[in-house]
Amino acid sequence: MSRRIALVEDDAALRANYSDALVRQGYEITAYANRPDAIAAFRLRLPDLAIIDIGLGRDQDAGFALCRDLRALSATVPIIFLTARDSEIDIVSGLRLGADDYLTKDISFAHLLARIAALFRRLDAMQERGSSEEVLERGDLRVDLRRFTMYWKGAAVDLTLTEFWIVHALARFPGHVKDRDQLMKDAELVVDDATITSHIKRIRRKFAELDVSFDRIDTVYGMGYRWKA
Amino acid sequence: MRLRLPALSLRLRLALLSLALLALPWFGYRYVREMERFLLDAQLQTLLGTARAVATALHDRPGLVDVPAAAAQAGADNTRQQAEALLQQLAVESQLPPDLQPQHESSLPGSPLAREPVAPLRDEVRSAEIAAILKGLERTTSRIWVVNRRYRLLALAGELRRPNAPAAEQALSRRFMEWLIPPPREDFDEAAPDDVLATGKEIANALQGLPGTRMRTSPDGLAVIMSAAHPVWSGDEVLGAVVVEETTNSILTVRKLALERLLVVTLAVFAVAAAALMWFAFRVSSRIIRLRDEAEAAIDARGRITGLVSGQRSSDEIGDLSRSFSSVLSRLSQQQAYLETLADRLSHELRTPVAVVRSSLENLRASLPEQTAQTYIVRAEEGLARLSAILNRMTEATRLEQSLHSADREDYEMSAVVSACVSGYRSAWPQTAFELELPAGTVPVRGSPDLLAQLLDKLVDNAVDYSTAGQPVRIVLHRLEQRVQLSVVNAGPLLAEGLAARLFNAMVSLREGDQGGGLHLGLGLYVARLIAEFHGGRIAALNRPDGSGVEMRVTLPMAVAGVP
Numbered sequence: 532m533s534r535r536i537a538l539v540e541d542d543a544a545l546r547a548n549y550s551d552a553l554v555r556q557g558y559e560i561t562a563y564a565n566r567p568d569a570i571a572a573f574r575l576r577l578p579d580l581a582i583i584d585i586g587l588g589r590d591q592d593a594g595f596a597l598c599r600d601l602r603a604l605s606a607t608v609p610i611i612f613l614t615a616r617d618s619e620i621d622i623v624s625g626l627r628l629g630a631d632d633y634l635t636k637d638i639s640f641a642h643l644l645a646r647i648a649a650l651f652r653r654l655d656a657m658q659e660r661g662s663s664e665e666v667l668e669r670g671d672l673r674v675d676l677r678r679f680t681m682y683w684k685g686a687a688v689d690l691t692l693t694e695f696w697i698v699h700a701l702a703r704f705p706g707h708v709k710d711r712d713q714l715m716k717d718a719e720l721v722v723d724d725a726t727i728t729s730h731i732k733r734i735r736r737k738f739a740e741l742d743v744s745f746d747r748i749d750t751v752y753g754m755g756y757r758w759k760a
Numbered sequence: 003m004r005l006r007l008p009a010l011s012l013r014l015r016l017a018l019l020s021l022a023l024l025a026l027p028w029f030g031y032r033y034v035r036e037m038e039r040f041l042l043d044a045q046l047q048t049l050l051g052t053a054r055a056v057a058t059a060l061h062d063r064p065g066l067v068d069v070p071a072a073a074a075q076a077g078a079d080n081t082r083q084q085a086e087a088l089l090q091q092l093a094v095e096s097q098l099p100p101d102l103q104p105q106h107e108s109s110l111p112g113s114p115l116a117r118e119p120v121a122p123l124r125d126e127v128r129s130a131e132i133a134a135i136l137k138g139l140e141r142t143t144s145r146i147w148v149v150n151r152r153y154r155l156l157a158l159a160g161e162l163r164r165p166n167a168p169a170a171e172q173a174l175s176r177r178f179m180e181w182l183i184p185p186p187r188e189d190f191d192e193a194a195p196d197d198v199l200a201t202g203k204e205i206a207n208a209l210q211g212l213p214g215t216r217m218r219t220s221p222d223g224l225a226v227i228m229s230a231a232h233p234v235w236s237g238d239e240v241l242g243a244v245v246v247e248e249t250t251n252s253i254l255t256v257r258k259l260a261l262e263r264l265l266v267v268t269l270a271v272f273a274v275a276a277a278a279l280m281w282f283a284f285r286v287s288s289r290i291i292r293l294r295d296e297a298e299a300a301i302d303a304r305g306r307i308t309g310l311v312s313g314q315r316s317s318d319e320i321g322d323l324s325r326s327f328s329s330v331l332s333r334l335s336q337q338q339a340y341l342e343t344l345a346d347r348l349s350h351e352l353r354t355p356v357a358v359v360r361s362s363l364e365n366l367r368a369s370l371p372e373q374t375a376q377t378y379i380v381r382a383e384e385g386l387a388r389l390s391a392i393l394n395r396m397t398e399a400t401r402l403e404q405s406l407h408s409a410d411r412e413d414y415e416m417s418a419v420v421s422a423c424v425s426g427y428r429s430a431w432p433q434t435a436f437e438l439e440l441p442a443g444t445v446p447v448r449g450s451p452d453l454l455a456q457l458l459d460k461l462v463d464n465a466v467d468y469s470t471a472g473q474p475v476r477i478v479l480h481r482l483e484q485r486v487q488l489s490v491v492n493a494g495p496l497l498a499e500g501l502a503a504r505l506f507n508a509m510v511s512l513r514e515g516d517q518g519g520g521l522h523l524g525l526g527l528y529v530a531r532l533i534a535e536f537h538g539g540r541i542a543a544l545n546r547p548d549g550s551g552v553e554m555r556v557t558l559p560m561a562v563a564g565v566p
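Chains as they are written, first to last, in this note's numbering: chain A, 532 to 760; chain B, 3 to 566.
Below, the structure written as structure tokens:
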């Protein structure tokens, strides 16, 4: 059974292009141009994954409202924001509404598909509830590569997919400095330096919420970041 | 060459203008002089009047004034000498205190003419009669004589000096005033000079039948004496003359008082007017200064525009200026807001079509397997990547400003950050040499180490681009008193005149005519400025004094006193 992906995008050309590309990968796509259509369809049947643009038509924040509605219908459906807006405020508020990832429209198909695949894998792994062999242990950090989840001292850290990949890239080789370009590649992210910095800041904050003394992510000025063993 | 006036503040100019008030006492002085002349004139007329009155009393009494035949034969010269001697003697004696004067004077009270040495020269009876007439006219401040045709002094009454007021203990201000405007003196030499009679034009005139007046100084020059002479007629014949003398001291006293009052009043007026002018100047200039400060601060370091507050409600020209300034600023601020959002909106608006092109290309790549088509698709995608990068840069400054708003400040060691950064640059630009100079001791600053690294990135990026090949880029951290100075120096082309100041504004680029592949919207140094200002410091670009290259200098305040 193919996965059903809902695409909510107001630009017709973009909607068609993304649909074509996803169909080519074997996904089943239903595309919506506005929020009422989308929410009506979600109420009838939940998609397996939703890709949502924030600005829909005249309503600049329709995507946020739609995300909130969808999250109310299901706590587990992966939601990806795919938008032209890249301001810090938009990213933070998008993620706060329960989105699993926040991507700008600069992203290539390959990166988008990788993220979709990863989110589906995480969904599957959650449902399997079996023990995973793909686990990375770094001291107090436990990285479950199948479920895309991370645990710090046994407690789950609520990371987005982008953040998960950044921490994973750092923790894989503790002590090695990863520069921003490498991190972007590992996280399959097309963003600028400032965005990496704010991602790192958010990751530190999320760990710090679990453990105030968390200091494993080290800034190496002029070079990048590293995971302190 | 044009004459350059020294820069004068508004306050100073008004203070200088208030000096014009000093003309006031001068005009007052002129007025007092005018009045004095008028009074002197009036006094002269009064003297003449007195002389006429006395003469009138003696008119047609030839028996009183007539010259005895013997004396007439003695010759004019002799008679005149006698008269002068007599006049002098009389004057000297009248200076004596009354109790020391000869006793017989009481028999003819008020008249010094009844004395022994004078007796041989005149007829006692006649003189006593004249003296009795004069006695009635005697005034304390005037002296009246009667002479006959042969210059023979027939009678004398009164004296020139005024009674002196007892010298009371005087206040300092009073003494200063006396020094400034000396009062008329009463201790002048009262005696008539030898030639008073001989050269007295007024007497000569009077004896010719014409009333005359004259002003002369006392022999010691301390007082001015005016005299008026009037002929005494008997029928058509002049029998003699009446001479009335008085000093100008009473008028001088009036003048002195007027001058004193003038001085005090003008000083007071000057003080009040000068104070009012100064207060006014101070108010105006402080309002202007406040307006200027506000106008300067109206556009802050980040180009944000705030309104003006001061003088908005006042109805004068400064209020007008403030209001028109405000309206200019508000128009400017609208324009600024438009420009600020333009880059953002542009980048947002462009992102969607770029995404359409990108996704179309990727779909095209999947459906067109031919090699030639792939080449073009790759090129199109490269172009698109550059376009995306441009769009990202366009919003970089705005995003940085947003993140600065929420950025946390912490104390950190600057030299550690700088040296870590430099070792990063050495691996990032292996073909460029980096020289690093760190100060001994710690350099603590308050801010964000991430942002400082970003600032240094921008400066080093810039320096490497402009550096002459083979020349090192020098990064110097230098401790000043309470501040720390970070310099990034590169050898290479100098900055154009006037560019250094604008360099750190948004959208100003050094790279004129640079066709290189690097992407520069001129935001790099603007971002550096934002970060320097976030740290409470400043950034400046300057050419090296030796002309070898360019130095970017960041000065930040130190957090706490570091260890030297």
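All C-beta atoms, glycine included, are put in the ideal place defined by N, C-alpha and C.
- In terms of beta-carbon proximity, B/Q404 lines the interface with chain A, with at least one pair separated by less than 8 Å.
- A direct Cα-Cα distance of roughly 6 Å separates B/P446 from B/M416.
- In the pairwise beta carbon analysis, the region 749 to 760 of chain A is classified as touching the region 425 to 433 of chain B: at least three pairs are separated by under 8 Å.
- Just measuring C-alpha positions, the residue of B/L323, B/E535, B/A173 and B/T354 sitting nearest B/E296 is B/L323.
- Residues of the region 618 to 643 of chain A that bring their beta carbon within less than 9 Å of a beta carbon in chain B comprise S618, E619, I620, T635, K636, D637, I638, S639, F640 and A641, in sequence order.
- Here B/S144 is bridged, per DSSP, to B/E248.
- By the neighbour-count criterion, in which a residue is buried when 16 or more other Cβ atoms sit within 10 angstroms of its Cβ, B/L174 is exposed.
- Membership of B/N492 in the beta strand (DSSP E) is indicated by the continuous run R485 to A493.
- DSSP links A/M681 through a beta bridge to A/V674 and A/V688.
- Take B/L212, set aside five residues on each side of it, and the residues of its chain with a beta-carbon closer than 8 Å to its own are P233, in chain order.
- In the structure shown, B/M416 adopts helical secondary structure according to DSSP, grouped into three states.
- Inter-segment contact for the region 387 to 406 of chain B and the region 575 to 584 of chain A is absent: fewer than three beta-carbon pairs are separated by less than 8 Å.
- The alpha-carbon separation between B/M396 and B/F506 amounts to approximately 16 Å.
- When Cβ pairs closer than 8 Å are counted between the two stretches, the region 143 to 162 of chain B is seen to touch the region 238 to 257 of chain B, the count reaching three or more.
- The Cβ of A/V751 sits closer than 8 Å to at least one Cβ of chain B.
- Every unbroken stretch of the alpha helix (DSSP H) spanning 4 or more residues and falling wholly within the region 343 to 408 of chain B is given here in chain order: 373 to 396 and 398 to 408.
- Boundaries of the beta strand (DSSP E) around B/R555: G551 to P559.
- For B/T354, the closest Cβ of chain A is nearer than 8 Å.
- Within chain A, the residues whose beta carbon sits less than 8 Å from that of B/P451 are T750 and Y752, listed in sequence order.
- Annotated as distal: A/K684 and A/D675, with beta-carbon spacing of 8 Å or more.
- Contact between the region 19 to 34 of chain B and the region 731 to 740 of chain A is absent: fewer than three C-beta pairs spanning the two stretches fall below 8 Å.
- Chain B places no beta carbon closer than 8 Å to that of A/A593, leaving this residue out of the contacts.
- The contact set of B/H350 on chain A, defined by CB atoms closer than 8 Å, consists of A615 and R616 in chain order.
- Among the residues facing chain B, A/N565 is not included, as its CB has no counterpart in that chain under 8 Å away.
- DSSP, reduced to helix, strand and coil, places B/F190 outside both helices and strands of the structure shown, so it counts as coil.
- Nearest CB-CB separation between B/Y427 and chain A: below the 8 Å threshold.
- Around the CB of B/V419, 16 or more other CB atoms lie within 10 Å, so the residue is classed as buried.
- Contact check between the region 354 to 373 of chain B and the region 545 to 562 of chain A: three or more CB pairs, one atom from each, fall below 8 Å, which counts as touching.
- The residues A564, N565, D584, G586, L587 and G588, in chain order, have a CB closer than 8 Å to that of A/D541 in the same chain once the five nearest residues on each side in sequence are set aside.
- Secondary structure of A/R589 (DSSP, three-state): coil.
- Proximity of chain A to B/R285 at the Cβ level (cut-off 9 Å) is not reached, the minimal Cβ distance being about 47 Å.
- A/T561 has a beta carbon lying at 8 Å or more from every beta carbon in chain B.
- When secondary structure is reduced to three states using DSSP, B/Y153 falls in the coil class, being assigned neither helix nor strand.
- B/G202 counts as buried, since at least 16 other C-beta atoms from the protein chains shown sit within 10 angstroms of its C-beta.
- Annotation: B/R63 is outside any beta strand (DSSP E) and is labelled neither H nor E by DSSP.
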